[in-house]
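Asks:
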Amino acid sequence: MKTISERDQQVNWHPYTQMQTAGPPLAIVKGEGVWLTAEDGAQYLDAISSWWVNLHGHNHPYVMDALRKQTVQLDHVIFSGFTHAPAVELSEALLDVLPTAHEKIFYSDNGSTAVEVGLKMTIQYHANQGAKKHTIIALRDGYHGDTFGAMSAGGRGIFSTPFENHLFHVEYIDVPIMGKEAESLHQLKEIIKHLDVAGFIFEPLLLGAAGMVIYAPEILSEMIHLCKQNDIITIADEVSTGFGRTGKFFAANHLSHKPDIICMSKGITGGVMALGATSTTAQVYNAFLSDDKSKMFLHGHSYTGNPLACVVAKASLDVLQQDDTWTAIKRISHQHHEFTETINTHPQVEDVRSLGVVLAVTVRSRSDETYFNYLRDRLYNFFIDRKILLRPLGNVIYMMPPYCINTDELNIVYTAITDLLDELQLVK
Ligand SMILES: *Cc1c(COP(=O)(O)O)cnc(C)c1O
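Take the position in the sequence shown, starting the count at 1, then add 1254; the result is the number in my numbering.
Rendered as structure tokens:
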């Protein structure tokens, strides 16, 4: 009999995978806490929350129980002209925890669509008022998803090259990393001075796909403030940073000036179901109110506000609001920070940094390539052999574990990273 993994290779095409060389995928049959059990019985430690989505561990009993209860009640219903308690309760809960006074939530299915919605809201907000403001500003190395609008707003590079001719124009500013703040702010000012800017989109404080690049809240606050003075809508893409990853509920909790729009997905359901949400202010929402039907927000998805996803998201939010969860987030952040100090002088480490539960180590390399760095597969395979799921972004090893990870489990990963660095040094 063929294994699941073998049958998979006959029929499935996997994301971000060179199918010719990738080798068979690992078939997972069970998840519990940070552990994933493969079909051969081996257990893997999920140190990246299954692509940054899982918050409380796999198969969390409280979250899965909420899902089971909803399955006997209501599966799905159209969200135009209809509503249901799960969507109402989730929106009430989200608006309560958002870092700023937002008034409305718009649902979609994933991070890319949450971003599409944010961009379209921004553009139509100005259009509805007859303002000729079209330009979108973005961070040069940002990542906002893989649909065309989200790709357009993201940094241009290997991900977007084949599609280049089909993307809309965006004005870029450099990421305001330490030492580059003034330059980046200057670029923003120049664009605002010369063009009619509609909106500014950014990953707040942490650029995930770019290789876990961190920058300071002060400069982003200043940029948001400048945008507000110029009637430019600010869009925080919190798809990866939301729900505790940066050590606070949202990255925008670190900011003194708050964004007009927040895009959420990934952790929103604790990693259990697909859901996107975009929140905004009364000011943005009110620009769509009119006797003229053409001013309504012209966007929607078939599964908008799916009740099962909403129920799971509300349950995950309940767990996130428990004191124990924040104690764990603080402990992980602290242990990450201590680990950065023990390895920052290692000769194979080019840079090591942490923000909240995110830890990133840039491994010294003979190449400037990031995502397609020659070390990537070697690093990935080293950890898989150790039964640890880490998925390095080129030569950047990062951890973004579920909050239920305990100290022993964290140490398994730290030890593996240290061993890898030592091994690389010996080989050199
Ligand atoms: C992952 C990600 C997205 C895209 O989300 P998908 O659910 O994969 O479409 C958008 N923005 C950021 C910052 C992300 O990390």
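Heads up, the beta-carbon is just placed ideally off N, CA and C, and yes, glycines get one too. Given the structure is predicted, the values throughout are model-derived calculations rather than measurements.
#1: Quick check: the region 1436 to 1443 against the region 1412 to 1421, are at least 3 beta-carbon pairs closer than 8 Å?
#2: Using the DSSP secondary-structure output, state which residues sit across from F1456 in a beta bridge.
#3: Rounded to whole angstroms, what's the CA-CA distance from I1332 to T1558? Just pull it up for me.
#4: Answer yes or no: do Y1657 and L1309 have a C-beta to C-beta separation smaller than 8 Å?
#5: So the candidates are I1431, H1398, I1445; which of them puts its Cα closest to the Cα of G1462?
#6: Do V1612 and ligand 1 come close, with the Cβ less than 7 Å from some heavy atom?
#7: Let's see if you can read the secondary structure: which residues bound the beta strand (DSSP E) around C1658?
#8: The alpha helix (DSSP H) with R1630 in it runs from where to where?
#9: My output table needs one value for F1360: the three-state DSSP class, helix, strand or coil.
#10: Find out if the Cβ-Cβ distance for the pair T1488, L1460 is shorter than 8 Å.
#11: Over what stretch of residues does the alpha helix (DSSP H) that includes G1724 continue unbroken?
#12: According to DSSP, which residues form a beta bridge with Q1297?
#13: Kindly examine ligand 1 and report whether one of its heavy atoms sits closer than 7 Å to the Cβ of Y1397.
#14: State the DSSP-derived secondary structure class of G1501, mapped to helix, strand or coil.
#15: Am I right that G1465 and L1674 are in contact with their C-beta atoms under 8 Å? What's the rounded C-beta distance?
#16: Measuring alpha carbon to alpha carbon, tell me which residue in V1351, I1583, D1329 is nearest K1568.
#17: Taking only the alpha-carbon atoms, compute the straight-line gap between D1545 and S1406 and give it to the nearest angstrom.
#18: Could you tell me how far apart the beta carbons of D1514 and T1534 are, in whole angstroms, since I believe they sit closer than 8 Å?
#19: I'd like the list of long-range same chain contacts for L1348, defined as Cβ closer than 7 Å, with 5 residues on each side in sequence excluded.
#20: Please tell me whether, using a cut-off of 7 Å, the distance from the CB of S1494 to the nearest non-hydrogen atom of ligand 1 is below it.
#21: For the beta strand (DSSP E) containing K1482, name the first residue and the last one.
#22: Taking 8 Å as the threshold (C-beta atoms), are T1523 and V1566 in contact?
#23: At which residues does the alpha helix (DSSP H) containing A1341 begin and terminate?
#24: Thinking V1526 and L1321 are a contact (beta carbons under 8 Å), I'd like their distance in whole angstroms, please.
#25: Is it buried or exposed, M1550, if we count other Cβ atoms within 10 angstroms and call 16 or more buried?
#26: Taking only heavy atoms of ligand 1 into account, decide whether any of them is closer than 7 Å to the Cβ of A1464.
#27: Out of curiosity, what's the CA-to-CA distance linking I1391 and H1588?
#28: Quick check: what's the CA-CA separation for L1633 versus I1473?
#29: Taking A1505 as the reference, give the member of C1517, D1676, E1492 with the closest Cα.
#30: Decide if D1300 is buried, meaning its Cβ has at least 16 other Cβ atoms within 10 Å, or exposed.
#31: Within a Cβ cutoff of 8 Å, which residues of the same chain sit near E1260, ignoring the five residues on either side of it in sequence?
#32: Counting only the same chain and skipping the five closest in sequence on each side, list residues whose C-beta sits under 6 Å from that of A1582.
#33: Let's see if you can read the secondary structure: which residues bound the beta strand (DSSP E) around V1612?
#34: Tell me which residues share the same chain as S1619 and place their Cβ nearer than 7 Å to its Cβ, disregarding the 5 neighbours each side in the sequence.
#35: Nearest by alpha-carbon distance to D1450: which of Q1576, C1481, P1458 is it?
#36: Distance, Cα to Cα, A1296 vs K1641?
Replies: Let me spell this out:
#1: Look at the beta carbons and you see the region 1412 to 1421 not touching the region 1436 to 1443: under three pairs across the two are nearer than 8 Å.
#2: Mapped onto the sequence shown, residue 1456 falls at position 202. F1456 is bridged to A1490.
#3: Here residue 1332 corresponds to residue number 78 of the sequence shown, with the count starting at 1. Here residue 1558 corresponds to residue number 304 of the sequence shown, with the count starting at 1. Approximately 8 Å, taken between the alpha carbons.
#4: Mapped onto the sequence shown, residue 1657 falls at position 403. Mapped onto the sequence shown, residue 1309 falls at position 55. A contact, by the Cβ cut-off of 8 Å.
#5: Position 208 of the sequence shown, counted from the first residue, corresponds to residue 1462. Nearest option by C-alpha distance: H1398.
#6: Along the sequence shown, read from residue 1 onward, the residue named residue 1612 stands at position 358. No.
#7: Stepping through the sequence shown from its first residue, residue 1658 is reached at position 404. Note, C1658: premise wrong, no beta strand (DSSP E); not H, not E.
#8: Numbered from 1 along the sequence shown, position 376 holds the residue referred to as residue 1630. Per DSSP, R1630 belongs to the alpha helix (DSSP H) from 1630 to 1639.
#9: Position 106 of the sequence shown, counting from 1, holds the residue named residue 1360. In the three-state scheme derived from DSSP, where H, G and I count as helix and E and B as strand, F1360 is classed as strand.
#10: Within the sequence shown, numbered from 1, the residue matching residue 1488 stands at position 234. Within the sequence shown, numbered from 1, the residue matching residue 1460 stands at position 206. Their beta carbons are not under 8 Å apart, which means T1488 does not touch L1460 by this criterion.
#11: Outside the modelled stretch of the chain, which goes from 1255 to 1682, sits residue 1724, for which no answer is possible.
#12: Counted from its first residue, the sequence shown places residue 1297 at position 43. Looking at the DSSP output, Q1297 sits in a beta bridge with T1291.
#13: For the purposes of this step, residue 1397 is taken as the residue at position 143 of the sequence shown. Taken from the Cβ of Y1397, at least one heavy atom of ligand 1 lies inside 7 Å.
#14: Position 247 of the sequence shown, counted from the start, is the residue given in the question as residue 1501. G1501: coil per DSSP, three-state reduction.
#15: Within the sequence shown, the letter at position 211 stands for residue 1465. Within the sequence shown, the letter at position 420 stands for residue 1674. With a Cβ gap of about 17 Å, G1465 and L1674 do not count as contacting.
#16: For the purposes of this step, residue 1568 is identified with residue 314 of the sequence shown, where counting begins at 1. Residue V1351 is the option with its Cα nearest to K1568.
#17: Taking the first residue of the sequence shown as 1, we reach residue 1545 at position 291. Taking the first residue of the sequence shown as 1, we reach residue 1406 at position 152. Looking at the two C-alpha atoms, the distance is approximately 33 Å.
#18: Working through the sequence shown from its first residue, we reach residue 1514 at position 260. Working through the sequence shown from its first residue, we reach residue 1534 at position 280. T1534 and D1514 do touch by the CB rule: their CB atoms are close to 6 Å apart, below 8 Å.
#19: Here residue 1348 refers to the residue found at position 94 of the sequence shown. Here the set comprises I1359, A1531, S1533.
#20: If you number the sequence shown from 1, residue 1494 lands on position 240. Flag set: Cβ of S1494 near ligand 1.
#21: For the purposes of this step, residue 1482 is identified with residue 228 of the sequence shown, where counting begins at 1. Here K1482 belongs to no beta strand (DSSP E); instead the alpha helix (DSSP H) covers 1471 to 1483.
#22: Position 312 of the sequence shown, counted from the first residue, corresponds to residue 1566. Position 269 of the sequence shown, counted from the first residue, corresponds to residue 1523. Taking 8 Å as the cut-off, the beta carbon of V1566 is found closer than this to the beta carbon of T1523.
#23: In the sequence shown, the residue the question calls residue 1341 occupies position 87. Looking at the DSSP string, the run of the alpha helix (DSSP H) that includes A1341 is 1339 to 1351.
#24: In the sequence shown, residue 1526 corresponds to position 272, counting from 1. In the sequence shown, residue 1321 corresponds to position 67, counting from 1. Going by Cβ atoms, the distance from V1526 to L1321 rounds to 7 Å, so yes, they are a contact pair.
#25: Within the sequence shown, the letter at position 296 stands for residue 1550. Counting Cβ neighbours within 10 Å, M1550 comes out exposed, since fewer than 16 surround it.
#26: On the sequence shown, residue 1464 is found 210 positions in, with the first residue counted as 1. Flag unset: Cβ of A1464 not near ligand 1.
#27: Numbered from 1 along the sequence shown, position 137 holds the residue referred to as residue 1391. Numbered from 1 along the sequence shown, position 334 holds the residue referred to as residue 1588. In a straight line, the C-alpha of I1391 is about 35 Å away from that of H1588.
#28: Here residue 1633 corresponds to residue number 379 of the sequence shown, with the count starting at 1. Here residue 1473 corresponds to residue number 219 of the sequence shown, with the count starting at 1. One C-alpha to the other measures close to 34 Å.
#29: Residue 1505 sits at position 251 when you count from the first residue of the sequence shown. Nearest of C1517, D1676, E1492 to A1505, Cα basis: E1492.
#30: Stepping through the sequence shown from its first residue, residue 1300 is reached at position 46. It is buried - the Cβ of D1300 has at least 16 other Cβ atoms within 10 Å.
#31: Counting from 1 along the sequence shown, the entry for residue 1260 is found at position 6. The residues are P1278.
#32: Position 328 of the sequence shown, counting from 1, holds the residue named residue 1582. Scanning its chain for C-beta atoms nearer than 6 Å, with the 5 sequence neighbours on each side dropped, one finds around A1582 the residues Y1657, in chain order.
#33: In the sequence shown, the residue the question calls residue 1612 occupies position 358. DSSP places V1612 inside the beta strand (DSSP E), whose first and last residues are 1612 to 1617.
#34: Taking the sequence shown and counting its residues from 1, one reaches residue 1619 at position 365. Here the set comprises N1627, L1629, N1649.
#35: Within the sequence shown, numbered from 1, the residue matching residue 1450 stands at position 196. Closest option to D1450, Cα to Cα, is C1481.
#36: Position 42 of the sequence shown, counted from the start, is the residue given in the question as residue 1296. Position 387 of the sequence shown, counted from the start, is the residue given in the question as residue 1641. Roughly 8 Å between the two C-alpha positions.
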